[in-house]
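First residue of the sequence shown? That's 1 in the UniProt record's numbering, and the numbers climb one at a time after it.
Every residue gets a Cβ at the ideal spot worked out from N, C-alpha and C, and that includes glycine.
None of the values given here were measured: they were computed from a predicted structure.
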Amino acid sequence: MTDVDNTLRATMTSIEGAIGAALVDYNSGMALGTVDGPGGLDLSVAAAGNTDVVRAKMRTMEMLGLKDGIEDILITLTNQYHLIRPLTSRSGKGLFLYLALDKGRANLAMARHQLARIEADLEV
């Protein structure tokens, strides 16, 4: 198991094309940790904005009566992928991992696989 800072650093170095990563509390919208890479994303703004995405999806699922959990949410931009992965462990309840990727350098399938593995090793 790894702590937040080490996890985010490992995310940036182990996932090809990573340009920013954060651990976010979606109840408050605050980033609990961030690691910026090339691309200069304002991860505090990204954390707050993506909190709205997670909340909206959870509300929609509730209104639809879906009992499923969110594995991840993908937002595809012209030049970037943004992955949002809510944590499923009891200690991670209310948190999500956020990862921004350079679309030209990233392998999306591999990034999703690695982010799932990173989540499993994270100790909050």
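Next on the checklist: Per DSSP, what are the beta-bridge partners of threonine 76 in this structure?
Outcome noted: Working through the sequence shown from its first residue, we reach residue 76 at position 76. DSSP output for threonine 76 lists Tyr81 as bridge partner(s).
Item to check | Close Cβ partners of valine 35 (< 6 Å) along its chain, the five nearest in sequence each way excluded | outcome: For the purposes of this step, residue 35 is taken as the residue at position 35 of the sequence shown. Closer than 6 Å at Cβ, skipping near neighbours: Leu8, Arg9, Met12 and Ala21.
Next on the checklist: I need the DSSP call for isoleucine 19, collapsed to helix, strand or coil.
Outcome noted: Here residue 19 is taken as the residue at index 19 of the sequence shown, counted from 1. Looking at isoleucine 19 - three-state DSSP - the assignment turns out to be strand.
Checklist entry - Any contact of the segment 62–82 with the segment 23–38, i.e. 3+ C-beta pairs under 8 Å? => result no
Checklist entry - Under the three-state reduction of DSSP, which class applies to methionine 1: helix, strand or coil? => result The residue given as residue 1 occupies position 1 in the sequence shown. Per-residue confidence for methionine 1 stands at a pLDDT of 43, beneath the threshold of 50, marking its modelled position as unreliable; the derived number appears in the next sentence. Coil at methionine 1, not helix or strand.
Next on the checklist: Using the three-state DSSP reduction, which class does asparagine 31 fall into: helix, strand or coil?
Outcome noted: For the purposes of this step, residue 31 is identified with residue 31 of the sequence shown, where counting begins at 1. Note that residue 31 is alanine in the sequence shown, not asparagine. Correct three-state label for alanine 31: strand.
Next on the checklist: Short of 6 Å in beta carbon distance, which residues of its chain neighbour asparagine 6, apart from the five on each side in sequence? Order them along the chain.
Outcome noted: One-based indexing of the sequence shown puts residue 6 at position 6. If we look at asparagine 6 and ignore the five residues flanking it on each side, it has no Cβ neighbours.
Checklist entry - So what's aspartate 42 in DSSP terms, helix, strand or just coil? => result Here residue 42 refers to the residue found at position 42 of the sequence shown. It is coil, neither helix nor strand.
Checklist entry - Hey, how far is the Cα of glycine 37 from the Cα of aspartate 102? => result Translated into the one-based positions of the sequence shown, residue 37 becomes position 37. Translated into the one-based positions of the sequence shown, residue 102 becomes position 102. Going from the Cα of glycine 37 to the Cα of aspartate 102 covers about 11 Å.
Checklist entry - Candidates Ile15, Asp3, Val54 and Val24: which alpha carbon is nearest leucine 74's? => result For this step, residue 74 is matched to residue 74 along the sequence shown. When each option's Cα is compared against that of leucine 74, the closest is Val54.
Item to check | Helix, strand or coil at valine 53 according to DSSP, with G and I counted as helix | outcome: If you number the sequence shown from 1, residue 53 lands on position 53. Valine 53 falls in the helix class under three-state DSSP.
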